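Just below is one structure, and these are the notes that go with it.
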Amino acid sequence: MLHRFANPARFSRIAARVLPWSATLTGLLFVAGIYFALFVSPADYQQGDTVRIMYVHVPSAWMAMACYTFIAVMSATSLIWKHPLADIAARAAAPLGAGFTIIVLTTGSLWGKPTWGTWWVWDARLTSVLVLFFLYLGHIALTHAFDNPQRGAKAAAVLALVGFVNIPIIKFSVDWWNTLHQPASLTRLDRPAIDPAMLTPLLLMGLAFMAYFVTMLLIRMRADLNAARARALQLSAAE
Amino acid sequence: MIGLTLLVRRELRLAFRGGTDAMMGVIFFVLAAILFPFGVGPDAAILPRIGGGIIWVVALLAALLSLERMFAADHEDGSLDLLYLSPVSLGQLALAKAIAHWLTSGVLLLIASPVLALLYNLPSSAFLPLVATMALGTPTLSLVGAIGAALTLGARRGGVLLALLLLPLYIPVLIFGAGAIDGAIAGRDIAPQLMILGGFLLAALALAPWATAAALRQAIE
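Line order of the protein sequences matches chains A and B.
Going letter by letter, the first sequence gives residues 1 to 239 in the numbering used here.
Going letter by letter, the second sequence gives residues 1001 to 1221 in the numbering used here.
Structure follows, in structure tokens:
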């Protein structure tokens, strides 16, 4: 099963067939999600319209974490079974994950300014997302740090697994650190009993972000495979 | 086990004959810590408050300095390939390198840290916690650092890359190291922090040589 999809040519064929559908699905979900988020869902009685930032903020936070998990799984697949596509998938996913963390951080501070009165708080959650962002940057930098792309991919795979083991430790340390130093002055209601009118756009946007991730991942993986083929052709032409 | 001691002894001998290299880390440690009072002012009320944290941050950076060369020299002259072929496993090699790194950097930082505590006017109740956290924390830095050193072997701009990879992973040690000193100054019980630092050390001791060996294998092949 695993090795049925190990053939890059077969993967490219399947990806080419899936892409139009996933791209259309992404578009439809985004249109529906944004429509519900901006027009159908009510403004919050306390936060007003700023609550709508949540419909972008929360899905990208989900995706930022899911994407790192995806990279870790791909890295393990690459190291254990030497699956040729796993490295490409991990390399393709890392910048997407970094992008999601940037969206979380920027939308978070845009929401924080009117609501908390400050762009940034050294809150445990914010800090751990910031650390996650740097883990992504380290992964991307290590992938591209070698003349031999294979070596970069393998090193990045080991790093992703080390990071994956460390994320819970970092998360728990940061939680402890913040509660130890100062009592949380700006606690955020974590998951209030959310109104269905707000839940619908949130879930729609979550699905839209996921479909977007799949679409971009397929595009990036195909581009990567094609670039490798172009390089090989150039080399054989030069000989 | 014999292989491990032999390797550690080899590393130490190389470090001693190399001369001043090992001292550079400590000199950097003291110098960088001295810069902060110039930046924030010599206020006797502020310095003890930030001293513990600064000493720990600077210790992280000083440990980073010598990590870059951990495997590089052996990689360049080919002895890493010979060690790979020798009966000593890569995991043992990684552990030996980390132990040697700690003996040539961490221990020196440990010795120098009370001097910095004096310069920062830390109360005497904080001295023992400072040394205790350094003793538990710096081996973790060496062990985790070995993973980074092996991963960046042969990379372009290895030094900056190493900092980018390792500093996020060092955050937990920093939090509990500095937290214990703050706690001691405030008169709290610091046993939890010390136990957590000890836990980190044990986890790193079990897992880091393994990850370093995996990284080394990618670098050699």
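Ideal Cβ placement from N, Cα and C applies to all residues, glycine included.
For clarity, every value in this text was computed on a predicted model and none was experimentally measured.
No residue range can be given for A/Asp-195, since it is assigned to no alpha helix (DSSP H) and is classified by DSSP as neither H nor E. With respect to the 8 Å criterion, A/Gly-152 and B/Leu-1164 are not classified as neighbours on the basis of their beta carbons.
For A/Gly-99, the closest Cβ of chain B is not nearer than 8 Å. The C-alpha of A/Ile-140 is placed about 34 Å away from the C-alpha of B/Val-1008. By the criterion of at least three beta-carbon pairs nearer than 8 Å, the stretch 1046-1061 of chain B is in contact with the stretch 1117-1125 of chain B. Residues of the stretch 118-148 of chain A that bring their beta carbon within less than 7 Å of a beta carbon in chain B comprise Val-131, Phe-134, Leu-135, Leu-137, Gly-138, Ala-141, Leu-142, Ala-145, Phe-146, in sequence order.
The DSSP-derived three-state label of A/Gly-48 is strand.
For the stretch 163-179 of chain A, the beta-carbon criterion of a distance under 9 Å to any beta-carbon of chain B is satisfied by Gly-163, Val-165, Asn-166, Ile-169, Ile-170, Phe-172, Ser-173, Val-174, Trp-176, Trp-177. Runs of the alpha helix (DSSP H) spanning 4 or more residues and lying entirely within the stretch 117-151 of chain A occur at 124-143, in chain order.
Taking C-beta atoms as the reference points, A/Met-216 and A/Leu-96 count as a pair closer than 8 Å. Three or more beta-carbon pairs separated by less than 8 Å are not found between the stretch 1175-1189 of chain B and the stretch 141-149 of chain A, which leaves the two stretches without contact.
Residue burial annotation: B/Thr-1138 is buried, with at least 16 other C-beta atoms found within 10 angstroms of its C-beta. Contact of A/Val-158 with chain B is assigned, a C-beta pair being separated by under 8 Å. For B/Leu-1136, no CB of chain A lies under 8 Å from its own CB, so it is not counted at the interface with that chain. Residues Ala-90, Ala-157, Ala-160, Leu-161 of the same chain have their beta carbon placed closer than 6 Å to that of A/Ser-75, with the five preceding and five following residues left out of the count. A distance of 8 Å or more separates the beta carbons of A/Ala-92 and A/Met-210. Here the stretch 197-206 of chain A lies against the stretch 38-53 of chain A, with 3 or more beta-carbon pairs under 8 Å apart. Taken in chain order, the members of the stretch 77-103 of chain A whose beta-carbon sits within less than 8 Å of a beta-carbon on chain B are Leu-79. Between B/Ala-1098 and B/Leu-1167, the CB-CB gap reaches or exceeds 8 Å. When Cβ-Cβ separations below 8 Å define contact, B/Leu-1197 makes no contact with chain A. If you look at B/Asp-1077, you'll find it in the alpha helix (DSSP H) that goes 1072-1077.
The stretch 1183-1197 of chain B makes contact with the stretch 1126-1135 of chain B: 3 or more CB pairs, one atom from each, lie closer than 8 Å. When 9 Å is used as the limit between beta carbons, B/Leu-1143 is near no residue of chain A, the shortest such separation being about 12 Å.
Listed along chain A, the residues sitting closer than 8 Å to B/Thr-1152 by beta-carbon distance are Leu-142, Ala-145, Ala-155. Around the CB of B/Met-1070, 16 or more other CB atoms lie within 10 Å, so the residue is classed as buried. Within 10 angstroms of the beta-carbon of B/Glu-1221 lie fewer than 16 other beta-carbons, which makes it exposed.
Remark: C-beta atoms of A/Trp-122 and A/Asn-166 do not approach each other more closely than 8 Å.
For A/Arg-151, the chain B residues whose Cβ falls inside 8 Å of its Cβ are Gly-1154, Gln-1218, Ala-1219, in order along the chain. In this structure A/Lys-113 is exposed. Its beta-carbon is surrounded by fewer than 16 other beta-carbon atoms within 10 angstroms.
The Cβ atoms of A/Leu-110 and A/Ile-169 lie no closer than 8 Å to each other. Interface residue (Cβ-Cβ distance to chain A less than 8 Å): B/Phe-1071 is not classified as such. In this structure, B/Leu-1205 keeps its C-beta atom at 8 Å or more from the C-beta atom of B/Leu-1103. B/Glu-1076 is positioned such that its CB atom lies no closer than 8 Å to that of B/Gly-1159. Distance from B/Leu-1162 to B/Ala-1149 at the Cβ level is roughly 7 Å; contact confirmed, criterion being Cβ atoms closer than 8 Å. For the stretch 1160-1177 of chain B, the residues whose beta carbon sits under 8 Å from a beta carbon of chain A are, in order, Leu-1161, Leu-1164, Leu-1165, Leu-1167, Pro-1168, Leu-1169, Ile-1171, Pro-1172, Ile-1175, Phe-1176. Contact annotation: A/Thr-101 and A/Phe-133 have beta-carbon atoms nearer than 8 Å.
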